[in-house]
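One structure is given below, encoded as structure tokens.
Numbering (my numbering), first residue to last: 3 to 650.
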């Protein structure tokens, strides 16, 4: 009898590393484990990186969930006498010693030897630092031999298996974990329960608990030099140990308690049962096409908002997203993806979908190229030919420079689009001028306006990583490479110098698309005489929104830098390089703006000073944003209507 029940597997580690150092077990048990995993319906990774690892290896992202180990913080802590604890373990540790503790088994994955190597590098400079190791395993003799070789036998203490872990974490000063690979180890939450500052390798789900520089220090795996530097930093600063430990303890209690884990587990099982109960139909779900998978934070923000709106309407709806980098998008958003330029996969997806979403963003334009426009128009036509309803979602339209493209756009949109929501009134005027007639046309706003900022500690961690004080005064500059920008870079630099000289603002150059924006940002930084900091790497949209909220002023060419800043009520100056930025600024009622061709040193400095010198009008700015956010709700209203229509 086949029960047809959903099957779920919870993964606590990288299954390819489970039998590291045991080749026979890897061949037998490891192979059987990998085969069994392919037969499961759903997967729960104990940390996001474990789930991401499965997606990278070909497992479906839509079947993936993440959970983090929780600890019971409700039990009272029995206070342990530190000196008595060390005497019980026959360890010579004095009251002035700073103890680095690690609780781990002695194997290749836990990599306890890295802590020993790091300690060996700073032992002479840190005379009262010592190490206590709770654990045992096959590598113990090797580790003890290395300690003896380094001459640290009296300062590195092997405790063996320890039953009283509550006492262990109370007796140490710094908690450490040096694993090559992890999910989300209890050793860190147990240390956090006792408010111990932590140094750990940046692997697995550890960064979800530890915000670098805020509630602990993270180092690359197998990097003894950086681990030594982190230990030295905490050894030298007792106040830092206390503050980081307190923040870590607070975060663990709020977000990684046993109650949080149980609530998450229950929510996962409910989601699985709801999906399993969804009627099986040949045509079901949504195919979503936009400028996704290019590493642009603005487009990522749009996709984040759209997926949230879809899931708020019906969390069981299958979603397929076209992406330039399918695996990256699948991992980031937990959706099934297909390569943007795979026509066969697209046709298969459209034949299985009820609804095709084109958007959001300014896709219907020929400034970047006519090929881009033709591609998006082709997907709209294909969707309709495959029998799928078509919704253009929070779209911008234009500019369309070529007459042939104008005629083609008017024909395709009028014939194949069922409904459109437009993110600003400029698009409505463009469509009217083209003579486009669509059954349902609604003026809305950009969906990214509905996003909320990341938690404060995540933003603090970014500022710390940039070497900036949390209470500093900053100008955020978001530029991008564009024809003619190289001539304008000195004008932006002069504005940054004026902001520093007259207002004490340090410039943070924030690339929204690192691959495209970094070179332009460097050109400004190289031309500036004042302090400028270039943010490297990619940040999630919510983190960028949180950063914007910390700024005194935002100057942006990037549209979503302006949108994120506006949503937080931050004063802004817009520098428009095409119609979409101009359209948003006009829609917002923003008066401090100019075109890129107008961006002379005098013009930019005048806009900067006018914005900063203006009496506080935060309430007026927020009122304008609230108006747009109310309009933005028209996107989800239209989406709800369309989803209801195709499912009825």
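Even for Gly, the Cβ is constructed at its ideal location relative to N, Cα and C.
Check: residue i C-beta below 8 Å from any heavy atom of the ligand MN
i	result
residue 561	Questions concerning the ligand MN fall outside what the structure shown contains, since it holds no ligand whatsoever.
Residue i, buried or exposed, once every other Cβ within 10 Å from all chains shown has been counted against 16
i	result
residue 312	buried
residue 3	For residue 3, the predicted model reports a pLDDT of 49, less than 50, meaning its position is unreliable; a value from the coordinates is still stated below. Exposed, because fewer than 16 other Cβ atoms sit within 10 Å of the Cβ of residue 3.
residue 241	exposed
residue 423	buried
residue 88	buried
residue 417	exposed
residue 403	exposed
residue 352	buried
residue 195	buried
residue 502	buried
residue 562	buried
residue 381	buried
residue 646	exposed
residue 283	exposed
residue 499	buried
residue 147	exposed
residue 265	exposed
residue 485	exposed
residue 77	exposed
residue 541	buried
residue 560	buried
residue 346	exposed
Selected residue, minimal CA-CA separation from residue i, among the options
i	options	result
residue 56	330, 100, 172 and 354	330
residue 2	612, 607 and 569	Residue 2 lies beyond the residue range present for the chain, which begins at 3 and ends at 650; the question has no answer from this structure.
residue 192	202, 171 and 199	171
residue 534	85, 388, 486 and 474	474
residue 46	31, 39, 35 and 69	69
residue 468	345, 539, 517 and 341	539
residue 536	573, 486, 504 and 481	481
residue 470	486, 216, 308 and 412	216
residue 387	411, 429, 152 and 356	356
residue 506	425, 545, 336 and 553	553
residue 289	410, 301, 308 and 233	308
residue 368	343, 348, 243 and 405	405
residue 105	124, 151, 189 and 378	189
residue 488	256, 257 and 523	523
residue 336	262, 79, 517 and 60	60
Rounded Cβ spacing between residue i and residue j (contact assumed at less than 8 Å)
i	j	result
residue 479	residue 472	Not really, about 20 Å apart at Cβ, beyond 8 Å.
residue 260	residue 73	6 Å
residue 164	residue 118	At roughly 18 Å, the Cβ-Cβ gap does not stay under 8 Å, so residue 164 and residue 118 are not in contact.
residue 137	residue 182	16 Å between Cβ atoms; not a contact.
residue 95	residue 114	Their Cβ separation, rounded to whole angstroms, is 19 Å, which puts residue 95 and residue 114 out of contact at 8 Å.
residue 661	residue 206	Given a span of 3 to 650 for the chain in the structure shown, any question on residue 661 remains unanswerable.
residue 350	residue 338	Residue 350 to residue 338, Cβ: 12 Å. No contact.
Distance, residue j Cα to residue i Cα
i	j	result
residue 275	residue 214	37 Å
residue 476	residue 565	18 Å
residue 373	residue 432	20 Å
residue 462	residue 551	12 Å
residue 614	residue 249	34 Å
residue 33	residue 54	21 Å
residue 617	residue 611	12 Å
residue 605	residue 512	22 Å
residue 116	residue 154	14 Å
residue 129	residue 91	22 Å
residue 408	residue 415	11 Å
residue 398	residue 549	26 Å
residue 270	residue 67	7 Å
residue 18	residue 608	60 Å
residue 161	residue 16	28 Å
residue 640	residue 38	43 Å
residue 63	residue 332	6 Å
residue 598	residue 519	15 Å
residue 591	residue 20	58 Å
residue 628	residue 109	56 Å
residue 490	residue 595	15 Å
Check whether the segment 287 to 299 touches the segment 309 to 326, taking contact to mean three or more Cβ pairs, one atom from each stretch, closer than 8 Å.
The answer is yes - the segment 309 to 326 touches the segment 287 to 299, with three or more Cβ pairs under 8 Å.
Would the segment 620 to 638 and the segment 442 to 451 be scored as touching if the rule is three or more Cβ pairs under 8 Å?
Cβ pair count under 8 Å is three or more, so yes.
For the segment 484 to 497 against the segment 526 to 546, do three or more pairs of beta-carbon atoms, one drawn from each stretch, fall closer than 8 Å, so that the two count as touching?
As far as the Cβ criterion goes, the segment 484 to 497 touches the segment 526 to 546, which means the pair count is three or higher.
For the 8 Å Cβ check, are there 3 or more pairs between the segment 392 to 411 and the segment 350 to 368?
Yes, since at least three Cβ pairs between the segment 392 to 411 and the segment 350 to 368 fall closer than 8 Å, the two stretches touch.
Count Cβ pairs between the segment 260 to 280 and the segment 6 to 25 that sit closer than 8 Å; are there 3 or more?
Yes: at least three Cβ pairs fall under 8 Å.
Give a yes or no on contact between the segment 171 to 185 and the segment 199 to 213, applying the rule of three or more CB pairs nearer than 8 Å.
Between the segment 171 to 185 and the segment 199 to 213 there are three or more inter-stretch CB-CB distances shorter than 8 Å, so the stretches are counted as touching.
Meets three-Cβ-pair contact criterion under 8 Å: the segment 438 to 446 and the segment 572 to 590
Judged by pairs of C-beta atoms under 8 Å, the segment 438 to 446 does not touch the segment 572 to 590, as fewer than three such pairs exist.
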